[in-house]
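Using numbering that gives the first Met the number 0, read the sequence shown as starting at 0 and increasing by one per residue. Below: one structure, written as structure tokens.
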Amino acid sequence: MWRVRNLLGSLVFLFLAADPCAGKRVVDFGEDVRPILESNCFSCHGSSKEKGGLRLDSPGSILRGGDSGEPLFVVGKREKSFLFKVISRQDPDEAMPPREKDALSRDEIEIIGSWIDAGAKLPESAGESFLKTDHWSFQAVTGEHRRDSVDAYLGDALRKKGLQFSARADRRTLIRRLYLVVLGLPPSLEEVEAFVADESPRAWPDLIERVLASPHYGERMARHWLDIVRFAETNGFETNRERLTAYHFRDYVIESFNEDKGYDQFVKEHLAGDMMGKTVATGFLVAGPHDVVKSPDKALTLMQRQDELADMINTTGTAFLGMTIGCARCHNHKFDPIRQKDYYAMQAVFAGVKFGERELPERKDSRGRQEISDLRKRIKGMEVELEGLLSRGRAISASRHNDKSRPAIKAEGN
């Protein structure tokens, strides 16, 4: 009897511990979701009517969404999906279908929610918006990320090739490498001698902290990012006029590195700075070449505008996606999963961005006015000093290149 009781107890435990989803069938759009939409939604969001610019009778239309621009679903997250919110009537003002008596049943709501949680997969006809690729960068990350030091990665690669690390650099070489890589400047002789003489175990970590705390760190590292977003302080083209206010974006990047700002925050400010109180960060969009000479020919003017937008798209794609989106300007991308249609959909995002000057708000209090006055005096003094240097330079140049000291020009042999 004791054995029977134990056997029954084990069976009950296994039954309760079993995965409740193990026997569930995967929700299919065609078999499960579409019939619900057809019965409840197509009359207002189908081929005959498109209320709010939304159609639900084709995969492509579902992906495009309606006039609001908000996607219908967030893959894998029903509670954050607009479609699930309206059918579950979380907000009476946005509930769909509008009339309470037409509301979806709990089972129907659960089916659509499960479909979203399972990936919101649509039939292959949705391929009009997606292109398939087996490129590694588009695949889901699998496995745990290794948390060892960089040396562990390098050591694995070296061992596979039968190699080993080079001998450790001496202290003079270490400090020079650190300064040149991180600051772009060599250390002073005094700094080198002090580091060589300091044999404490904290000498190297403390030196790294001091170097990273230098304002030159941001100046050095910002150069790389400014190159990526093709920043320049002149417009380019034949006029190549100077941009007197371009330094605001440059200084923002330098300060971001010196503040050790997180990369995710850095990217958010670039792409949505106007919504986050960091408008200066969006300056990368107009940091590239700008043709200020407008043609009287309307066709050429339109071409100039297309080139401006293409520059913004290309920079955004290469800087934040690592992709050459520009190829899709003229045809579907031959390597990356980007259609020409997707390119121009992205162009619409930047359609309202134009080159121009914007005045920054000035502080109106007495302290702010005093700071502005002091800065203007400093600028005036620097201008006077600069003019003096230029005058002396011109005088020296003239004395060294006196026409009388030059040999006569002979045309023989030309």
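Virtual Cβ for every residue (Gly too), placed ideally from N, Cα, C.
- Here residue 363 carries a coil assignment [DSSP, helix/strand/coil].
- Under the DSSP assignment, residue 300 falls in the alpha helix (DSSP H) whose first and last residues are 297-315.
- In the structure shown, residue 73 falls within a strand segment according to DSSP collapsed to helix, strand and coil.
- Judged by DSSP in its simplified three-state form, residue 134 adopts coil rather than helix or strand.
- Taken atom to atom, the span from the alpha-carbon of residue 273 to that of residue 92 is near 29 Å.
- Between residue 349 and residue 311, the C-beta spacing is below 8 Å.
- Residue state for residue 44 is assigned as strand, using DSSP reduced to three classes.
- Under the three-pair Cβ rule at 8 Å, the region 219-235 counts as touching the region 280-289.
- Between residue 108 and residue 82, the C-beta gap is not smaller than 8 Å, which leaves the two residues out of contact.
- For residue 217, the CB contacts under 7 Å within the same chain, skipping 5 residues up- and downstream, are 253, 254, 256, 257 in chain order.
- Counting C-beta pairs closer than 8 Å gives three or more between the region 42-53 and the region 62-82, which meets the contact rule.
- In the structure shown, residue 198 falls within a coil segment according to DSSP collapsed to helix, strand and coil.
- Excluding its 5 nearest sequence neighbours in each direction, residue 77 has C-beta neighbours in its own chain below 6 Å: 83, 112, 115, 116, listed in chain order.
- When rounded, the separation of the alpha-carbon atoms in residue 181 and residue 204 is 14 Å.
- Cβ neighbours of residue 122 within its own chain (closer than 8 Å, five residues either side excluded): 28, 29, 58.
- For residue 281, no alpha helix (DSSP H) run applies, since DSSP gives it neither H nor E.
- As a beta-bridge residue in DSSP terms, residue 233 pairs with 241.
- The region 314-326 makes no contact with the region 291-300: fewer than 3 CB pairs, one atom from each, lie closer than 8 Å.
- Contact between residue 210 and residue 177 holds, since their C-beta atoms are separated by about 6 Å, short of 8 Å.
- Residue 218 carries a helical assignment under DSSP once its states are collapsed to helix, strand and coil.
- Only residues of its own chain outside the window of five on either side were considered, and among them 72, 74 have a CB closer than 6 Å to the CB of residue 119, listed in chain order.
- Distance from the CA of residue 175 to the CA of residue 264, rounded to the nearest whole angstrom, comes to 32 Å.
- Nearest to residue 225 by C-alpha distance, out of 259, 249, 385, 390, is 249.
- Residue pairing by DSSP places residue 30 in no beta bridge whatsoever.
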